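A quick write-up on the structure given underneath.
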Amino acid sequence: DAGVIQSPRHEVTEMGQEVTLRCKPISGHDYLFWYRQTMMRGLELLIYFNNNVPIDDSGMPEDRFSAKMPNASFSTLKIQPSEPRDSAVYFCASRDTSGGYGLHYEQYFGPGTRLTVT
Amino acid sequence: AQSVAQPEDQVNVAEGNPLTVKCTYSVSGNPYLFWYVQYPNRGLQFLLKYITGDNLVKGSYGFEAEFNKSQTSFHLKKPSALVSDSALYFCAVREIYNFNKFYFGSGTKLNVKP
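Chains as they are written, first to last, in the working numbering: chain A, 5 to 122; chain B, 902 to 1015.
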């Protein structure tokens, strides 16, 4: 398997523009997570999905952020409008619980998207 | 609430020497603890986990971690460091009642010098 795939790897945009980050989880994984990593706040969980359904979005910082998972192999994280403080590395991760709920705890992370908002 | 702390921003060790990366935890029940490694421009990779059982947990790439309940610690160790071990290491704790919520430490940069 190719692992979790994220695109783009780098994104530079101007304040006020819409940004869309994309993620393809590992095939067969039923959980998908979006994280944000900054120097100040470390790694934060933004939202996660189970079988394409958003379960917990309490980490989404504000209404400018939205995430969707239209099918099992694709998810997007959208920021509209973007602000300089959104500059961070955004990670997508997926997890497989098919072996029994809770038995498989590891999350598999993608390489991340480095977002710079000027 | 669950949390972990990594008291060292950076650890420097010579190749061939043993290494320790420290982590302490705070949980309101039995802890579920993890170590992840992040290489430059890469996502986090799972190294090992403690769920229950033996206090010494063995993981990938020769790493191991020792769970110490009385000291609320979960230090990552390796008997002989390699230059290729240089990376950012994260300790994490899973929430007690939610298998999907992890809280990560701030990370420790490990530098292994030849």
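All C-beta atoms, glycine included, are put in the ideal place defined by N, C-alpha and C. Note that the coordinates shown come from a computational prediction; the quantities given were computed from them, not determined experimentally.
{"Item": "Under 8 angstroms between C-beta atoms, does A:Pro115 make it to chain B?", "Value": "yes"}
{"Item": "For B:Val1013 versus B:Val994, is the C-beta spacing smaller than 8 angstroms?", "Value": "no"}
{"Item": "Which parts of the stretch 30 to 104 of chain A are runs of the beta strand (DSSP E), unbroken and 3 residues or longer, counting only runs that do not cross its ends?", "Value": "35 to 42, 46 to 54, 57 to 60, 69 to 75, 78 to 83 and 92 to 99"}
{"Item": "From A:Leu81 to B:Ala988, what distance separates their C-alpha atoms?", "Value": "27 angstroms"}
{"Item": "Given a cut-off of 8 angstroms on the beta-carbon distance, is the pair B:Tyr933 and B:Val905 in contact?", "Value": "no"}
{"Item": "Bridge partners of B:Ala993, per DSSP?", "Value": "B:Phe935 and B:Phe1005"}
{"Item": "Note down, in chain order, every chain C residue with its Cβ under 8 angstroms from the Cβ of A:Gly46.", "Value": "Judged by its chain identifiers, the structure shown contains no chain C, and its protein chains are A and B."}
{"Item": "Taking the Cβ atom as the reference point for each residue, do A:Gln111 and A:Glu22 lie within a distance shorter than 8 angstroms?", "Value": "no"}
{"Item": "Check whether the Cβ of A:Leu49 lies closer than 8 angstroms to any Cβ atom in chain B.", "Value": "yes"}
{"Item": "Compare the Cα-Cα distances from B:Gly930 to each of B:Gly944, B:Lys978, B:Glu967 and B:Thr953 and report the closest residue.", "Value": "B:Thr953"}
{"Item": "With 16 as the cutoff for other CB atoms within 10 Å, does B:Asp910 come out buried or exposed?", "Value": "exposed"}
{"Item": "Determine, for B:Lys959, whether the minimum Cβ-Cβ distance to residues of chain A falls below 8 angstroms.", "Value": "no"}
{"Item": "Determine the closest residue to A:Pro115 out of A:Asp61, A:Asp100, A:Pro65 and A:Pro29, with distance taken between C-alpha atoms.", "Value": "A:Pro29"}
{"Item": "Out of A:Glu15, A:Tyr35 and A:His14, which one is the CA nearest neighbour of A:Met73?", "Value": "A:Tyr35"}
{"Item": "Considering Cα atoms alone, identify which of B:Lys923, B:Ile997, B:Glu967 and B:Phe991 is closest to B:Leu957.", "Value": "B:Glu967"}
{"Item": "Alpha carbon to alpha carbon, how far is A:Met64 from A:Gly20?", "Value": "18 angstroms"}
{"Item": "Taking only the alpha-carbon atoms, compute the straight-line gap between B:Phe1020 and A:Arg89 and give it to the nearest angstrom.", "Value": "A question about residue 1020 of chain B goes unanswered here, because the residues of chain B that appear run from 902 up to 1015."}
{"Item": "Considering B:Phe1000, what are the terminal residues of the beta strand (DSSP E) in which it resides?", "Value": "Premise fails: B:Phe1000 is in no beta strand (DSSP E) and is neither H nor E."}
{"Item": "Using the Cα positions of B:Leu916 and B:Thr1009, report the straight-line distance between them to the nearest angstrom.", "Value": "Residue identity differs from the one stated: residue 916 of chain B is Glu in this sequence, not Leu. Those two C-alpha atoms are separated by around 17 angstroms."}
{"Item": "For A:Val125, which three-state DSSP category applies?", "Value": "Limits of chain A in this structure are 5 at one end and 122 at the other, which puts residue 125 of chain A out of reach."}
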